[in-house]
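Undergrad: Residue numbers (the working numbering), protein chains in the order written: chain A, 1 to 121; chain B, 122 to 1040.
1) How long is the line joining the alpha carbons of residue 727/B and residue 690/B, rounded to whole angstroms?
2) Which residue from 843/B, 300/B, 430/B puts its Cα closest to that of residue 522/B?
3) What residues in the segment 2 to 19 of chain A bring their beta carbon closer than 8 Å to a beta carbon of chain B?
4) I'd like to know whether the C-beta of residue 825/B is nearer than 8 Å to at least one C-beta of chain A.
5) Taking C-beta pairs closer than 7 Å, name the residues in chain B that residue 66/A reaches, listed in chain order.
6) Looking only at DSSP bridge pairs, what is residue 205/B linked to?
7) My output table needs one value for residue 114/A: the three-state DSSP class, helix, strand or coil.
8) Between the segment 96 to 117 of chain A and chain B, which residues of the former have a C-beta closer than 9 Å to a C-beta of the latter?
9) If you measure between the beta carbons of residue 6/A and residue 23/A, is that distance less than 8 Å?
10) Could you check if residue 387/B is buried or exposed, using at least 16 other CB atoms within 10 Å of its CB as the buried criterion?
11) For the segment 570 to 583 of chain B and the segment 399 to 411 of chain B, state whether three or more C-beta atom pairs, one from each stretch, are separated by less than 8 Å.
12) When you compare the segment 895 to 904 of chain B with the segment 932 to 942 of chain B, are there three or more beta-carbon pairs, one atom per stretch, that lie closer than 8 Å?
13) Quick one: list the residues of chain B neighbouring residue 21/A, beta-carbon separation under 8 Å, in chain order.
14) With H, G and I counted as helix, E and B as strand and the rest as coil, what does DSSP make of residue 855/B?
15) Are there 16 or more other CB atoms within 10 angstroms of the CB of residue 264/B, so buried, or fewer, so exposed?
16) What does DSSP give as the partner residues of residue 78/A in its beta bridges?
17) Could you give the residue range of the alpha helix (DSSP H) that holds residue 519/B?
18) So with CB distances below 8 Å, who are the chain B contacts of residue 93/A?
19) Compare the C-alpha of residue 195/B against each of 158/B, 347/B, 420/B and name the closest.
20) Distance, Cα to Cα, residue 984/B vs residue 72/A?
21) Starting from the beta carbon of residue 850/B, find every residue of chain A whose beta carbon is closer than 8 Å, and list them in chain order.
22) On the CB-based measure, 16 or more other CB atoms within 10 Å of its CB, does residue 815/B come out buried or exposed?
23) If we define contact as Cβ-Cβ less than 8 Å, is residue 88/A a contact residue for chain B?
24) I want to verify the contact list: residues of chain B whose CB lies under 7 Å from the CB of residue 85/A, in sequence order.
25) Quick one: grab the DSSP three-state call for residue 873/B.
26) Is it right to say residue 890/B is buried, meaning 16 or more other beta carbons lie within 10 angstroms of its own, or is it exposed?
27) Please report the residue range of the alpha helix (DSSP H) in which residue 621/B lies.
28) For the beta strand (DSSP E) containing residue 434/B, name the first residue and the last one.
29) At the level of alpha carbons, what is the spacing between residue 672/B and residue 235/B?
30) At least one CB of chain A closer than 8 Å to the CB of residue 1025/B: is that the case?
31) Going by alpha carbons, who is nearest to residue 822/B out of 843/B, 812/B, 803/B, 945/B?
32) So for residue 1013/B, helix, strand or coil by DSSP?
33) Closer than 7 Å: is that where the CB of residue 857/B sits relative to any heavy atom of the ligand GDP?
34) Is it the case that the Cβ atoms of residue 736/B and residue 490/B are separated by a distance below 8 Å?
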């Protein structure tokens, strides 16, 4: 059974590219654009990995990450934060909130794919 | 019939009795059983205050002003209540410093200033000698009256040759008495016990004589007080006599009371008796009530005698001043009349004796000695035995003062200047009050301030009181009194500077005290004290604190030899007295003989004090310094200590100021640092925001470029869709970069601005057309409310277009699809043109309504709300408008849309409409 990836990203063009990349690698993909849909989708979709943007409408990615980590049912789930915020303090904040990896935009597609593969295969 | 010889014999017998008492007093003092060492004698001797001016004058005053005679006695009564605080301090200071007179006291306080001592002496002589003359006159006229017994009508005084004048004989006897009991020895601080005993006796005599006459009038002529006053009711104006404020204004009451409060301390004779002759300061306690009691007793019968006289001599043929004498005479009471005369004589002689001693001490110590010491040719300080010299000077001064009084009496005769001298004298000595009282309670008073204050007070006194009294006596042209000096009305002596409505005494007191106190305090505050002044000021003001310290020792360092000091004392005091004084001092220090004494600071100041008793503090200082090698540096050392401490204070102040400045600078620096940090943070934020804005399109471009590269097998539709995204994001990136550059250009002032006529209505329509695509995409309705014709403005057309496009696209962005409405309006106001772009979107939160115009600031939480646009648009718009002196603002209620307005001034020559175009 193929692994499931949830993508939360409000920038349409980036969302499209991520969706294409994950699908090409054979993952089952669901894409959402609103922050408040993330937890619902995780519960519903049960992804193996979440690609999470920090600046989502109505929700802050760091907080979402913490909330997901607070749920013991989802301990095996991997989270990668993808953000345009590239300062060291922001990277640290992302990792502190429970993310498995922090990827800054713009990213190299090959590296992202390798990272995802490493985390869930 | 009272024979002249009887009166003369009685007078001289009385004076002989005084000699006997004084002699007995001195004997007792020598044998160590002092006659006067009790508070009763002290209190009685204080009654030297009551002169013939009291004895005869009170009745006269009462006959004309009723109870107006009282302030002269109320004042002392009030003052005596304060003596424990004031007089005790003066006595303590005087004892500690061997003060010999009021001139000495004041000179000593202000750095042992010879100038000040001389000044006080001169003022006292000018002020008081006429007062002595007044006493002689009273003796003379009462004598003349008495020998006419029983006729009470004063004959015109026939001119008596000087040689046959009884008054001169009395004056000479008084001088002899004064010399004998007042200047037998040198050290004035060794009190004149015999003289004091005699004075106390005189106080008893005058009190008894006055009361005897009073009892005779009240109980002999009438049947007691009630009978007397019921007769008195028939007198015209009787009620006025016994009513406050009718004979005399309240102002005069107050000023006379104040004046006599000061006189009881400052008259030279009062200072002599109360301070110099004081045996024990504890005597003050009893005197505080005994002396007022004496004043009360001597005043009880003043009104009865006055009204008795007025009833018996209703035609005014008899001078009210003589009622004390003439009432017994008119009723053939020989013995009583003689007793009354003796009472008056005792009042006169008591005053003359004490006043003469006090004045002669001052003249000798503060006028003659300083002058003689200055004349180097006399080599006075090197004479072997000066004590004879000194005594001779003192005795000559006594004779001189006495003769001065007599001469004034002969010259003045019945003149106004003599009659009114009592209060004029009081006013003269009152000038000492500020510097004396200031001197014992206020350390900052300086010598210069004291001299200026005293001199000014004295000059004002002379001009407003003394000279007018001369003019009224006919000795000066009356013109200056009536028209003012040089006919300047403001300089009228008794209406000085236009001050009217005061009696002459109050008037003089007001101006003289104003100048006196004003200059004393003013100059003292401005100037600085010398080391000597400072040391004396401390000694005086802190006399109750510093009893242990030897005076002056703290401020003296130098060298002297014992033989020199001893020789000096011998020269001024005489060998035996010097020997005694040194031996006594050596015993006090626990040494066997004075040979063992060390010539240290304490001994030097002891010698200076010994000499001060003989020649006054100021002269003593000069004399002692002639044998003491006061290293010239020493005084300067003191000065430098004072200097240093004041410098330290100044330095401390400077330091304080510096540290305050430093604090301010630190605060400024901190603020500047904060500002820099803030700027740094803003710059950081700016870069972070810009890079974030750049990263987003870049992310898409890179991702799709890599996808296209890595997936050559993509179908054509997907390929072209991805390429479309890349192109669109590239455009976005370009736009962003352009806007950043544009904003930077405007901000740095490098932007190029065109200036042209712009028709805004036309521009708005153009802008709506240009953004039509945005609105049709979201199905929004756009309307424009534009007037038919609008005045043109001067601006950059393209820049204004940029503003309009920005506002319109913002409005479109925040409107809900389908229901959104955007309205554009244009109004011409007085001299501006105003454009509004209103939407019915989400609106802008109150707290965001100002920040949205800042760079990269957009409404809402930047972490959650995806920014739409670069965040530079409104910032650029505002800068464009402000370039054309316009404004940009927003009005919005959150949830009910937002309206952006901008206004621009009309072009010159394009008048706006007089009233706003309808809403």
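Note that the Cβ used here is the ideal one computed from N, Cα and C, for glycine as well.
TA: Reading off the structure:
1) 10 Å
2) 300/B
3) 10, 11, 13, 14, 16, 17, 18
4) yes
5) Those within 7 Å of residue 66/A in chain B number zero; the least Cβ separation is about 14 Å.
6) Answer is none; residue 205/B lacks a bridge partner.
7) helix
8) 104, 105, 106, 107, 108, 109, 110, 112
9) no
10) buried
11) no
12) yes
13) 824, 828
14) helix
15) buried
16) 49/A
17) 508 to 533
18) Ordered by position in chain B, no residue passes the 8 Å Cβ test against residue 93/A, which lies about 11 Å from the chain.
19) 420/B
20) For residue 984/B, the pLDDT reaches just 39, beneath the cut-off of 50, and the residue's location in the model is therefore unreliable, although a value from the coordinates is still provided. Residue 984/B and residue 72/A: Cα-Cα distance of roughly 26 Å.
21) 13
22) buried
23) no
24) 813
25) coil
26) exposed
27) Neither: residue 621/B is in no alpha helix (DSSP H) and is coded neither H nor E.
28) Neither: residue 434/B is in no beta strand (DSSP E) and is coded neither H nor E.
29) Annotation note: pLDDT 43 at residue 672/B (below 50); position unreliable, no value reported.
30) no
31) 843/B
32) strand
33) Among the ligands in the structure shown, none appear at all, so the ligand GDP cannot be discussed.
34) yes
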